[in-house]
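Every letter in the sequence shown is one number past the one before it in the UniProt record's numbering, and letter 18, counting from 1, is 18. Reviewing the structure listed below.
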Amino acid sequence: MDGLHLCKLIYESENQTPVIIFSSTMTNENRVKALDVGALDAITKPEIDRLVPLLDQCVLNTVNNRV
1 MDGLHLCKLI YESENQTPVI IFSSTMTNEN RVKALDVGAL DAITKPEIDR
51 LVPLLDQCVL NTVNNRV
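Shown next as structure tokens:
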């Protein structure tokens, strides 16, 4: 099972867990596929500096949805 398939299963189960896909080789086509199956984002390893702000936003969204 690949990450896109797992992400789709999580999304279809109506699980509220945000999914971020990491890959060392991410094409624009695969990034779009990841978003289409429910991923919050798809990040290549050189773009790891985007991770902290993205996780901060995930936490805020999760907290705000529980209130």
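All C-beta atoms in this analysis are idealised placements derived from N, C-alpha and C, irrespective of residue type, glycine included.
Suppose contacts are defined by Cβ-Cβ distances below 8 Å. Is Leu40 in contact with Cys58 by that definition?
The Cβ-Cβ distance between Leu40 and Cys58 falls below 8 Å.
Between which two residues does the alpha helix (DSSP H) holding Asp36 run?
Unbroken alpha helix (DSSP H) run through Asp36: Asn28 to Asp36.
Just to confirm the assignment, what range does the alpha helix (DSSP H) spanning Ile21 have?
Unbroken run through Ile21 is the beta strand (DSSP E), Ile20 to Ser23; no alpha helix (DSSP H).
Counting only the same chain and skipping the five closest in sequence on each side, list residues whose C-beta sits under 6 Å from that of Lys8.
Taken in chain order, the residues that qualify are Val37.
Helix, strand or coil at Thr44 [DSSP, three-state]:
Looking at Thr44 - three-state DSSP - the assignment turns out to be strand.
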